[in-house]
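Participant: Okay, handing you the structure first.
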Amino acid sequence: MKPDAKHTVDLPPTQIDRREFLTFAAAGLTATGTGLLIPSLADAGPLSQKTGTHPMSQKAFVYTELQISAPFDQVPWQQINETIKTKPGFLNKTWLSGVGNNSAGGIYAFDSIENAQAFVTDYFPAEARNFGVAQTTRVFDATATTDASIDMNSVHYGASPTAAPAAFVYTEVQLHVLPFDHGPWRAFNPVLKQQPGLLSKTWLSGLHTGTVGGFYAFDSLENARKFALDYFPGEAKTLNAAFYTRVFDAPVTEAASRDMASPFYG
């Protein structure tokens with residue numbers, strides 16, 4: 568089968584360094600006809616002004632992670648940001664850089680489930696293809712988790728950040744809980760609030776799958792690791808379910824996240 572010319576670019580020479588390759592790949596997103604256009608200077612300005620971002624306006628969250636290993640200062644995030652800002656219904660993004668593996672990803676808010684689905688089925692596969700790496704994507708119903716997230720001081724639902732995060736944790740448990748409100752969040756929230764260094768949590772409910780997860784902010788990388796390694800496996804065992812955890816370094820992505828109106832930075 569011939570590859571779709573619309574989504575392919577010629578790879579750079581093998582001797583090119585990682586930074587040059589990543590920049591080349593990001594440039595390829597605009598060149599391959601995927602509609603990833605850089606906004607004009609006339610459209611420049613704070614993202615919140617362009618999107619009408621409101622803390623309660625999101626209807627869906629998207630989680631992404633590229634199977635890549637690159638220090639974040641080598642990721643061409645400025646170029647990628649300008650492209651993502653043009654995507655229909657995009658509200659904000661918090662960039663993610665994996666601790667230990669230097670993976671690159673993000674947690675995004677969208678104004679509708681349909682726009683979130685379009686992002687993960689159209690744009691993001693093209694981004695991964697241009698970098699030549701596999702990917703992980705998830706779509707979550709943001710409306711279903713409103714009450715649970717507000718109770719956990721979620722900045723996605725209007726809470727003011729109490730401090731700049733030092734680390735993020737992403738979790739997902741292999742459970743089917745629909746509707747989300749019938750799940751155990753009322754029992755877990757008081758316990759979660761006692762975890763050392765936890766600043767906030769946004770609850771996640773998988774679209775179609777009903778998986779249960781969360782996106783957490785911590786005051787230190789040490790506390791985030793303790794949560795992911797010590798606390799969370801016990802929570803999953805209580806539920807008798809397999810689980811997925813990731814820890815991310817927050818300071819290295821702060822500038823990139825601020826540029827995308829991340830609610831973690833006010």
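Letter by letter, the sequence shown follows residues 568 to 833 of the working numbering.
Positions of the beta carbon are idealized from the N, C-alpha and C atoms, including for glycine.
1) Determine the direct distance from the alpha carbon of K760 to that of P830, and round the result to whole angstroms.
2) For the beta strand (DSSP E) containing V740, list its first residue and its last residue.
3) Suppose only complete runs of 4+ residues qualify. What are the alpha helix (DSSP H) ranges in the stretch 705-766, listed by chain order?
4) Measuring alpha carbon to alpha carbon, tell me which residue in Y798, G725, P728, A791 is nearest F755.
5) Strictly by DSSP, which residues pair up with A676?
6) According to the Cβ coordinates, are S824 and T769 closer than 7 Å?
7) Given 8 Å as the limit, is there contact between the stretch 645-652 and the stretch 807-821, that is, 3 or more CB pairs closer than that?
8) Can you give me the start and stop residues for the beta strand (DSSP E) that A784 sits inside?
9) Cα-Cα, which of D708, I717, A828, V758 is closest to L745?
10) Starting from the C-beta of S679, find all residues in its chain whose C-beta is less than 7 Å away, skip the five residues before and the five after it, and write them out in chain order.
11) Is the stretch 630-644 touching the stretch 696-712, taking contact as three or more C-beta pairs under 8 Å?
12) If you draw a straight line from the C-alpha of G801 to the C-alpha of Q762, how long is it?
13) Strictly by DSSP, which residues pair up with K768?
14) Along the alpha helix (DSSP H) that carries T653, what are the first and last residues, could you check?
15) Compute the beta-carbon to beta-carbon distance between F686 and K654, rounded to the nearest angstrom, for a pair I have assumed lies under 8 Å.
16) Quick one: any contact between the stretch 768-787 and the stretch 729-746, if contact means 3 or more CB pairs under 8 Å?
17) Tell me where the beta strand (DSSP E) around F810 begins and ends.
18) Any idea which residues DSSP pairs G773 with across the strands?
19) Take the Cβ of H743 as the centre, count every other Cβ of all protein chains shown within 10 Å, and call the residue buried at 16 or more, exposed below.
20) So for Q702, helix, strand or coil by DSSP?
21) Taking the alpha-carbon of G750 as reference, which of A637, D714, S727, S624 has the nearest alpha-carbon?
Facilitator: Quick look at the numbers:
1) Taking the sequence shown and counting its residues from 1, the one referred to as residue 830 is at position 263. Taking the sequence shown and counting its residues from 1, the one referred to as residue 760 is at position 193. Answer to the nearest angstrom: the Cα atoms are 20 Å apart.
2) Within the sequence shown, the letter at position 173 stands for residue 740. Element bounds for V740: 734-740.
3) 713-717, 752-759
4) Here residue 755 refers to the residue found at position 188 when the sequence shown is read from its first residue. Of the candidates Y798, G725, P728, A791, the one whose C-alpha sits nearest the C-alpha of F755 is Y798.
5) Within the sequence shown, the letter at position 109 stands for residue 676. In the DSSP output, where bridge partners are listed per residue, A676 has F628, N659.
6) For the purposes of this step, residue 824 is taken as the residue at position 257 of the sequence shown. For the purposes of this step, residue 769 is taken as the residue at position 202 of the sequence shown. Against a cut-off of 7 Å, the Cβ pair of T769 and S824 comes out as no contact.
7) no
8) Here residue 784 refers to the residue found at position 217 when the sequence shown is read from its first residue. That run of the beta strand (DSSP E) goes 779-785.
9) Locating residue 745 in the sequence shown gives position 178, counting from the first residue. Comparing Cα positions, the closest option is D708.
10) One-based indexing of the sequence shown puts residue 679 at position 112. Contacts found: K626, A627, G656.
11) yes
12) In the sequence shown, the residue the question calls residue 801 occupies position 234. In the sequence shown, the residue the question calls residue 762 occupies position 195. Near 13 Å, if we compare the C-alpha coordinates of Q762 and G801.
13) Counted from its first residue, the sequence shown places residue 768 at position 201. DSSP, once it has assigned bridges, lists Y783 as partnering K768.
14) The count along the sequence shown starts at 1 and reaches residue 653 at position 86. Careful: T653 lies outside any alpha helix (DSSP H) and carries neither H nor E.
15) For the purposes of this step, residue 686 is identified with residue 119 of the sequence shown, where counting begins at 1. For the purposes of this step, residue 654 is identified with residue 87 of the sequence shown, where counting begins at 1. Yes, they are in contact, since the Cβ atoms of F686 and K654 sit about 6 Å apart, within 8 Å.
16) yes
17) In the sequence shown, the residue the question calls residue 810 occupies position 243. Element bounds for F810: 810-816.
18) Taking the sequence shown and counting its residues from 1, the one referred to as residue 773 is at position 206. Paired residue(s): F707.
19) Reading the sequence shown from its first residue, position 176 is the one you call residue 743. Burial call: exposed.
20) Within the sequence shown, numbered from 1, the residue matching residue 702 stands at position 135. Residue state, collapsed to three classes: strand.
21) For the purposes of this step, residue 750 is taken as the residue at position 183 of the sequence shown. For the residues A637, D714, S727, S624, the minimum Cα distance to G750 belongs to D714.
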